[in-house]
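See structure below.
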Amino acid sequence: METFSVNTMGTTSCYTNTSEVVDLDSIFISVLNKKTVSITVGTAHKIVSSLCNIPLTYDAKLRSVIPHMLVHHTKIWPGWQKASKYQSGQLTYEKYFRSFKSYLTYKLVYLAKNDFKIALSQHYSENLAKVENKGGVKVDSETQTEITDKEFAPFSLVISTSAYNVNTIIFTEGPNENIMLKYHLQPNWPLINMAMLLNWPNINVKFTGYEMVVIRKNVHDISRYLSEPNFPSKPEQVEFIQEVNAIDNNKHRKSYSLNLMKAYMEKYLENFEGYIKGHGEPKHLRTQIEETKAFFQQFILDIQDININNSMGANSYVVFNIGGNTYTRNKKVRNQPTLCLFETMTPKVETSLVGFYGVKVNPKGHVSFRTMNPKKFQPPTIEYTCTYCHVRFLNTKSTIDHLYTRHSAEPAVICTKCKKQFELPDLAQNRYAHSCTT
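All the letters of the sequence shown, read from the start, carry residue numbers 1 to 438 under full-length UniProt numbering.
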């Protein structure tokens, strides 16, 4: 007769008392009393049928795997961590057992109705590993489940909130085994300059001159998940260049060398400077040329980092992992060690040369710049967009003021490779690069 063992309070060898049980209450009480629990296949079938109202007679494969899943989910129930609260009288038996029963019901019903094939595959592979035992897979002798990275829960939480609250969200334990969402105090904003703003999350910038249009989008990949504080994290392997493509497939794509782009931008700024002096040095134009210089610098660095034949194609865009690193951070309530919010950020930029008409080629093939007479010069338009709030601004100051008043400051992050902590403004200033020693 095949039997299964459950022991969540320690290793099997620590306890000699064995309790053969016939229902879920007996399992629960025996584990709380630190006894190894033995159940037969028939008992497991009865428990699951009663618990979940699932008929197990129609599918032999389901009958074979469900006892293993009952044992597995009994063993890994997070509520065992609260045994001390029950033993000290802070938690009633009825509430504690009801939580355990609800957890198993949800897990087993979902397994039988939605994830049965995966569970079955896992069960057969575990048995094969147990029989062959070739050393390729580590096996837990109590539950025969692979000691590998587990999958995330088969659902996600969608939280709609203002930009101000995004970085202040925290999760805590609530009554009746519930999870509560709260907000913590916002840290003070640091001073943000133009270089930081151009690489800030959720900020897109469009430069429109009369001979060139360039767009830079910060499309940082940020994932959030709940887990235990000691959840093992591994550095993600991210391709540096994510995508290279045409903006409009119906239009021609032409590449321009990095040196040509640099020379054109120098000439552009020279003419811009002449235009400003010719109009009496107005303050708003002086601010605008500084913004243009900062934007040009970031665009040139994009081309250098991407390094596709040391050039950039008009009517083209490239998405790349700016800085080449991935960062993480976590938040939890003090004195609540069982719940933590993890965030992983992969900085990404989409840089686009939408159009470039600043050069001309004579019949002999010589390339030169088009005439940019300061008297005919037209100042560019630089448009900033907050993609989270879907609002646009025409200068740096208004954009930064929007961040200060409508968003919360970004918490520090930790490099997944070298485990050093960095403030986000410093990373944005340096294009998310740092001296990473792994």
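A virtual CB, placed ideally from N, CA and C, is assigned to each residue, including glycine. Nothing here was measured: the structure is a model prediction, and the numbers come from that model.
Cutoff 6 Å; reference residue i; Cβ partners in own chain excluding five residues on either side
| i | result |
| --- | --- |
| Leu-427 | none |
| Gln-421 | Ala-412, Ile-414 |
| Tyr-124 | Low per-residue confidence applies at Tyr-124: pLDDT is 44, beneath 50, and the placement is therefore not dependable, though the value from the model is reported in the following sentence. Within the same chain, Tyr-124 has no close Cβ partners at all. |
| Glu-243 | Val-319 |
| Tyr-103 | Trp-77 |
| Thr-344 | Ser-223, Thr-328 |
| Trp-189 | Tyr-404, Ala-409 |
| Gly-135 | In this predicted model, Gly-135 has a pLDDT of only 39, less than 50, meaning its place in the structure is not dependable; the value taken from the coordinates is given anyway. Cβ neighbours of Gly-135 beyond the five flanking positions: none. |
| Asn-127 | Legend: pLDDT at Asn-127 = 44, less than 50; position of this residue unreliable, no value from coordinates given. |
| Leu-285 | Ile-276 |
Among the options, the one whose alpha carbon lies nearest that of residue i
| i | options | result |
| --- | --- | --- |
| Ala-195 | Thr-437, Ala-433, Pro-425 | Pro-425 |
| residue 445 | Met-261, Lys-75, Phe-240 | No answer is possible for residue 445: the residues shown for the chain start at 1 and end at 438. |
| Asn-250 | Lys-182, Ser-162, Ser-316, Lys-95 | Ser-316 |
| Lys-267 | Ile-303, Glu-281, Phe-296, Asn-245 | Phe-296 |
| Gly-324 | His-220, Val-109, Ile-76, Val-37 | His-220 |
| Gln-396 | Thr-74, Leu-198, Tyr-86 | The amino acid occupying residue 396 in the given sequence is Thr; Gln does not appear at that position. If we check each option's Cα against that of Thr-396, Leu-198 comes out closest. |
| Ala-83 | Thr-105, Val-109, Phe-28 | Phe-28 |
| residue 523 | Lys-217, Lys-331, Pro-201, Gly-278 | Because the chain spans 1 through 438 in this model, residue 523 falls outside it and cannot be assessed. |
| Ser-99 | Ala-44, Asn-307, Gln-81 | Gln-81 |
| Ser-49 | Asp-23, Thr-74, Lys-35, Asn-33 | Asp-23 |
| Lys-101 | Val-205, Asn-202, Leu-70, Ile-308 | Leu-70 |
| Glu-423 | Gly-274, Leu-111, Leu-191, Gly-278 | Leu-191 |
| Gly-79 | Gly-42, Leu-111, Glu-173 | Glu-173 |
| Val-109 | Lys-283, Asn-202, Cys-52 | Cys-52 |
| Thr-43 | Arg-63, Lys-35, Asn-33 | Arg-63 |
| Gln-298 | Gln-87, Lys-95, Asn-204, Lys-277 | Asn-204 |
| Lys-293 | Glu-273, Lys-34, Gln-90, Lys-95 | Glu-273 |
| Asn-33 | Gln-87, Ile-308, Asn-202 | Gln-87 |
Residue environment, residue i, which counts as buried when at least 16 other CB atoms sit within 10 Å
| i | result |
| --- | --- |
| Glu-291 | buried |
| His-68 | buried |
| Cys-418 | exposed |
| Tyr-404 | exposed |
| Thr-92 | exposed |
| Asp-25 | exposed |
| Met-180 | exposed |
| His-72 | buried |
| Ile-39 | buried |
| Tyr-106 | exposed |
| Thr-12 | With a pLDDT of 28 at Thr-12, under the threshold of 50, the modelled position of this residue cannot be trusted; read the value that follows with caution. So Thr-12 ends up on the exposed side. |
| Thr-399 | buried |
| Ile-159 | exposed |
| Thr-416 | buried |
| Lys-206 | buried |
| Pro-282 | exposed |
| Lys-85 | exposed |
| Lys-35 | buried |
is_contact[residue i, chain C] using C-beta, thresh 8 Å
| i | result |
| --- | --- |
| Glu-211 | Protein chain content of the structure displayed is limited to a single chain, and chain C is not contained in it. |
Residues that DSSP places opposite residue i in a beta bridge
| i | result |
| --- | --- |
| Cys-415 | Tyr-327 |
| Ile-215 | Lys-206, Ser-352 |
| Ala-246 | Ser-316 |
| Thr-385 | Asn-204, Arg-392 |
| Thr-172 | Met-180 |
| Ser-255 | Gly-313 |
| Asp-221 | Thr-346 |
| Phe-272 | None, per the DSSP bridge assignment. |
| Phe-240 | Its beta-bridge partners do not exist; DSSP assigns none. |
| Gln-421 | Ile-414 |
Proximal residues to residue i (C-beta, below 7 Å), its chain only, five neighbours per side dropped
| i | result |
| --- | --- |
| Val-238 | Asn-321, Thr-326, Thr-346 |
| Lys-358 | First, the residue type needs correcting, since residue 358 is Gly and not Lys in the sequence shown. For Gly-358, where only same-chain residues beyond five positions count, the Cβ hits under 7 Å are Glu-211, Met-212, Tyr-264, Phe-369, Arg-370. |
| residue 443 | Not covered by the structure: residue 443. The range shown for the chain is 1 to 438. |
| Val-166 | Ser-408 |
| Thr-208 | Pro-380, Thr-381 |
| Lys-262 | Ile-300 |
| Gln-429 | Ala-195, Met-196 |
| Asn-307 | none |
| Ile-47 | Asp-23, Leu-24, Leu-70 |
Proximal residues to residue i (C-beta, below 8 Å), its chain only, five neighbours per side dropped
| i | result |
| --- | --- |
| Asp-305 | Phe-320, Ile-322, Arg-431 |
| His-402 | Cys-386, Cys-389, Val-391, Phe-393 |
| Asp-248 | Asn-315 |
| Val-349 | Asn-199, Arg-216, Lys-217, Asn-218, Val-219, Asp-302, Val-319, Phe-320, Ile-322 |
| Thr-437 | Cys-418 |
Determine contact between the region 253-271 and the region 306-317, defined as no fewer than three beta-carbon pairs at a distance below 8 Å.
Judged by Cβ distances under 8 Å, the region 253-271 makes contact with the region 306-317, as three or more pairs qualify.
Do the region 378-391 and the region 280-296 touch if we need at least three Cβ pairs shorter than 8 Å?
Yes: the two stretches touch, three or more of their Cβ pairs being nearer than 8 Å.
Check whether the region 201-213 touches the region 343-361, taking contact to mean three or more Cβ pairs, one atom from each stretch, closer than 8 Å.
yes
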